[in-house]
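Numbering (the numbering used here), first residue to last: 262 to 429.
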């Protein structure tokens, strides 16, 4: 009887995690439902996966400025927050202008213990999604999800993706 009771949660956990592909993304790790495409440019690295229901993306822009790292380590919490808010303002502005997105809402959030921003955006009133961005001591990391349809499966993929974000 106990063996049967233990089997059920183990079976459910194995089915739910089947096919998940874990990737290291800057100071974090995240799980995709299947293998994403990896891209590297001089500006950033990214993982992208189109599941047919959603587009799941990560982007990492390394900060290779030793003065920045030194400043952030020595800065007071108020100074760090000032720098981060300036960065987020510039990121959101660039996201809108370069990507053509309309940012509908911006809220403070925490990603793996790091303060960040959550943006709800639309592209041409058709593609809706969320972007979670955070600034660490070594990189800017963004996690993006876009809904291709309004299905239970799309919501499940997004929830599993976002819940899998963990600090390294």
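Just so it is clear, CB atoms sit at the ideal spot from N, CA and C, and this is done for glycine as well.
Item	Value
Should residue 427 go down as buried or exposed, given a rule of 16 or more other Cβ atoms within 10 Å for buried?	exposed
Taking its Cβ as the centre, do 16 or more other Cβ atoms sit within 10 Å of residue 388, making it buried, or is it exposed?	exposed
State yes or no: is the C-beta of residue 362 within less than 8 angstroms of the C-beta of residue 382?	yes
Between 396, 409, 392 and 375, which lies nearest to residue 386 when the distance is taken from Cα to Cα?	409
Indicate whether residue 298 and residue 312 have their beta-carbon atoms separated by less than 8 angstroms.	no
Taking the CB atoms as reference points, tell me whether residue 290 and residue 424 lie closer together than 8 angstroms.	no
From the DSSP output, which residues share a beta bridge with residue 311?	316
Tell me the rounded alpha-carbon separation between residue 285 and residue 404.	12 angstroms
Mind checking which residues open and close the beta strand (DSSP E) that includes residue 330?	Not the beta strand (DSSP E): residue 330 falls in the alpha helix (DSSP H), residues 327–335.
Could you tell me which residues DSSP pairs with residue 291 in its beta bridges?	284
Between which two residues does the beta strand (DSSP E) holding residue 374 run?	Taken as a continuous stretch (DSSP letters only), residue 374 belongs to no beta strand (DSSP E), as it is neither H nor E.
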